[in-house]
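*Asks:* Below you will find the structure I want to go over with you.
In our numbering, the protein residues as written are 51 to 220.
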């Protein structure tokens, strides 16, 4: 069995994330894709704007109806910053016989050698990447939500938009 691990802030999760995961699922014959929201990326100076609880809720709303997509809160349960090597260990214990595939963008792949324990990660996982299409930006989505303006349906699942607006997250 081949398992995809897709880490990110998901602040908020948007259609670009979902389309990327769908493409990875097909292109690499993945049985499942686990979306793993980070508590705080070691590569960013600040934490996500939305709480962990809200990001998990938005992920669950966005991924409903996608049976191959799961959400893991494993990184949110560890102290920040969370490192990918810890996540890989978690998934290796959960799926001892599976082929783990770490999904990442081309930008992250270029910087991979700078990651903590990158040799361990490379030994335990297959690194997979597909270029982004569409250029959907989480920061632009947050700005639109903060202003109360509606978003194009191609940018954000309606369930996520309604949740974020109702809770005034951004």
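For every residue, glycine included, the Cβ atom is placed at its ideal position computed from N, Cα and C.
1. Any chance the segment 111 to 128 sits against the segment 72 to 86, with 3 or more Cβ pairs inside 8 Å?
2. Just to confirm, is the Cβ distance from residue 179 to residue 216 under 7 Å?
3. Might you give, ordered along the chain, the residues of its own chain that have their beta carbon closer than 8 Å to the beta carbon of residue 79, omitting 5 neighbours on each side?
4. With DSSP collapsed to three states, give me the class of residue 195.
5. Would you kindly work out how many angstroms separate the C-alpha atoms of residue 207 and residue 214, rounded to a whole number?
6. Please report how far the alpha carbon of residue 76 lies from the alpha carbon of residue 149, in whole angstroms.
7. If I measure Cβ to Cβ from residue 170 and keep anything under 6 Å in the same chain, skipping five residues before and after, which residues do I get?
8. Go through the segment 161 to 192 residue by residue and report every complete run of the alpha helix (DSSP H) that reaches 4 residues or more, in order.
9. How is residue 119 classed by DSSP in three states: helix, strand or coil?
*Replies:* Here's the rundown:
1. yes
2. no
3. 52
4. helix
5. 11 Å
6. 15 Å
7. 135
8. 168 to 174
9. strand
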